[in-house]
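Here the structure is laid out as structure tokens; the discussion comes afterwards.
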Amino acid sequence: MWMSLRNFAFVRNIQDLSRELGCERAQLEEYISSRQREFYKEMRIPKKGRRRREFRTVYKPCRELAVLQKNIATLLQRNPLPEYVQGFVSDRSIYKNAKIHIGQKILLHADIHEFFESITLERVRDAFETCGSNREVATLLAKLCTLDGFLPQGSSASPVLANLVCRHLDTDINALAISYGCRYSRYADDITLSGDRVPPAESVENLLKRHAFELRPGSCRTQRRGHGQYVTGLSVEDAVPRIPRRMKRRLRLVLRLARSAMQHADLLLSETKIDGWLAFFHSVEPNLASKLSAEWDPIRARLNNRHTGSPDDPSEEVTEEEPSD
120 MWMSLRNFAF VRNIQDLSRE LGCERAQLEE YISSRQREFY KEMRIPKKGR
170 RRREFRTVYK PCRELAVLQK NIATLLQRNP LPEYVQGFVS DRSIYKNAKI
220 HIGQKILLHA DIHEFFESIT LERVRDAFET CGSNREVATL LAKLCTLDGF
270 LPQGSSASPV LANLVCRHLD TDINALAISY GCRYSRYADD ITLSGDRVPP
320 AESVENLLKR HAFELRPGSC RTQRRGHGQY VTGLSVEDAV PRIPRRMKRR
370 LRLVLRLARS AMQHADLLLS ETKIDGWLAF FHSVEPNLAS KLSAEWDPIR
420 ARLNNRHTGS PDDPSEEVTE EEPSD
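Heads up, the sequence shown is in the numbering used here, so the first residue is 120 and it goes up one at a time.
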């Protein structure tokens with residue numbers, strides 16, 4: 120259940136707000152009244168997986184505005200969130216989100232279309248009023264946290280505000296899940312319900328529309344036990360969430376290629392990406408990650424030696440045998 124939200128009732132006007140956020144009143148007025156895009160850098164980031172041909176637009180705020188938004192997010196994060204809200208919450212993760220749905224007969228997935236872009240300035244203002252702000256302060260806060268009338272990806276305040284805006288949607292979908300005897304969780308725009316039976320996709324879509332969201336076309340799908348079940352990218356058919364086998368095979372392939380011919384590995388993944396993959400593996404399957412890291416460390420040393428002109432270790436040999444999971 121959502122708890123009572125009260126963080127901003129003590130902020131009465133712009134002067135109180137500037138004091139609370141640790142900045143000058145003139146600075147707040149500049150961000151609120153100026154052309155907002157001049158304070159953001161726009162970036163296009165390729166998406167992964169099934170949507171790798173699409174791009175995500177991220178807006179990076181300037182340093183001073185980023186600090187203000189971070190301070191706002193810190194105040195909002197004092198509010199406890201229900202267990203079914205898994206994204207953008209301290210001590211929660213894709214692993215814990217996937218764990219909710221371990222061992223279930225059926226999974227129902229649904230993705231919210233243009234999640235952040237659907238959250239307007241008016242909805243953000245209403246969320247701040249829910250936290251006790253008067254209309255004047257709520258409007259000021261909403262202008263500080265939005266860009267061109269919507270919630271921008273890239274701001275540290277956007278994730279926590281998105282969760283706050285979604286509180287009624289979450290309550291309604293959780294109630295729907297309970298009526299079918301199943302489980303519900305949401306990780307950002309990724310909705311999952313699981314159980315022996317799940318609601319029809321139309322029921323979820325209707326709730327999204329009721330709360331001014333849309334279902335991403337083609338995103339509502341079911342997965343049955345024994346035919347591949349994944350939640351936020353992790354397999355949930357074992358006793359605990361696991362990294363999909365295809366990801367393990369790919370990383371092992373890259374490591375083998377790196378041992379035999381570094382130039383081929385460079386075509387697949389950079390050192391930074393391999394480090395990122397291993398960090399991800401450590402967060403889900405630490406024992407496997409430790410074994411793979413033990414393979415990667417000498418390869419990294421060889422790469423560094425090549426960059427510095429040092430000779431390679433001729434004793435290393437390539438093995439074609441893939442270790443077990």
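In this text, a Cβ means the ideal position worked out from N, Cα and C, and glycines have one as well.
Everything numeric in this text was worked out from a predicted model, so none of it was measured.
Please confirm whether residue i and residue j have their CB atoms less than 7 Å apart.
i: Ser304; j: Asn216; result: yes
i: Lys218; j: Pro363; result: no
i: Leu240; j: Ala257; result: no
i: Gln188; j: Ser275; result: yes
i: Glu333; j: His232; result: yes
i: Glu414; j: Leu374; result: yes
i: Leu136; j: Leu259; result: yes
i: Tyr203; j: Asn293; result: yes
i: Ala192; j: Val279; result: yes
i: Leu270; j: Ala296; result: no
i: Leu397; j: Ser409; result: no
i: Arg369; j: Asp230; result: no
With DSSP as the reference, label residue i as helix, strand or coil.
i: Glu439; result: Because Glu439 carries a pLDDT of 34, less than 50, the predicted location of this residue cannot be relied on, and the following value inherits that uncertainty. DSSP places Glu439 in coil when its eight states are reduced to three.
i: Leu226; result: strand
i: Leu283; result: helix
i: Tyr299; result: coil
i: Ser123; result: The predicted model places Ser123 with a pLDDT of 47, which falls under 50 and marks its position as unreliable, so this point remains unresolved.
i: Glu161; result: strand
i: Pro318; result: coil
i: Leu407; result: helix
i: Ile231; result: strand
i: Thr265; result: coil
i: Pro278; result: helix
i: Leu147; result: helix
i: Arg305; result: strand
i: Ser354; result: strand
i: Ile310; result: strand
i: Gln342; result: strand
i: Phe247; result: helix
i: Pro360; result: coil
i: Lys166; result: coil
i: Leu270; result: coil
i: Glu390; result: helix
i: Cys174; result: Sequence inspection shows Phe at residue 174; the Cys mentioned does not correspond to that position. Phe174: strand per DSSP, three-state reduction.
i: Val373; result: helix
i: Leu187; result: helix
i: Leu200; result: coil
i: Pro336; result: coil
i: Asn253; result: coil
i: Asp432; result: Low local confidence applies: a pLDDT of 39 at Asp432 is under 50, so the model's placement there is unreliable, and no value is given.
Can you round the beta-carbon distance between residue i and residue j to whole angstroms, since I take them to be within the 8 Å contact cut?
i: Asp315; j: Gly300; result: 7 Å
i: Phe235; j: Gln272; result: 5 Å
i: Leu184; j: Tyr150; result: 6 Å
i: Asp291; j: Leu326; result: 5 Å
i: Arg175; j: Lys166; result: 6 Å
i: Gln223; j: Arg302; result: 7 Å
i: Phe127; j: Cys250; result: 5 Å
i: Asn190; j: Leu140; result: 5 Å
Nearest to residue i by CA position, among the options, is which residue?
i: Ser237; options: Glu255, Ile221, Asp308; result: Asp308
i: Thr160; options: Gln342, Ser412, Cys181; result: The question names Thr, but residue 160 in the sequence shown is Lys. The shortest C-alpha separation from Lys160 is found at Cys181.
i: Ser152; options: Asp394, Leu266, Cys339; result: Leu266
i: Leu194; options: Glu148, Lys166, Ser252; result: Ser252
i: Gly345; options: Thr176, Gly395, Ile225, Ala420; result: Ile225
i: Tyr306; options: Met366, Leu270, Leu200, Gln223; result: Leu200
i: Val186; options: Pro417, Val130, Cys142; result: Cys142
i: Val355; options: Glu157, Ala377, Ile221; result: Ile221
i: Arg419; options: Pro405, Ser402, Ala398, Ile393; result: Ile393
i: Asp210; options: Ser409, Leu263, Ser402; result: Ser402
i: Ser379; options: Ala320, Pro417, Gln196; result: Pro417
i: His330; options: Ala281, Arg365, Arg340; result: Ala281
i: Val243; options: Ser277, Arg144, Thr391; result: Ser277
i: Arg343; options: Lys328, Arg335, Arg368, Val317; result: Val317
i: Arg131; options: Arg172, Ala377, Glu255; result: Glu255
i: Val350; options: Arg286, Arg368, Ser212; result: Ser212
i: Lys367; options: Arg340, Leu407, Pro319; result: Leu407
i: Leu422; options: Ser389, Gln348, Arg286; result: Ser389
i: Lys328; options: His287, Arg340, Val208; result: His287
i: Cys339; options: Pro405, Arg365, Ile310, Gln348; result: Ile310
i: Phe400; options: Gln348, Gly352, Arg144; result: Gly352
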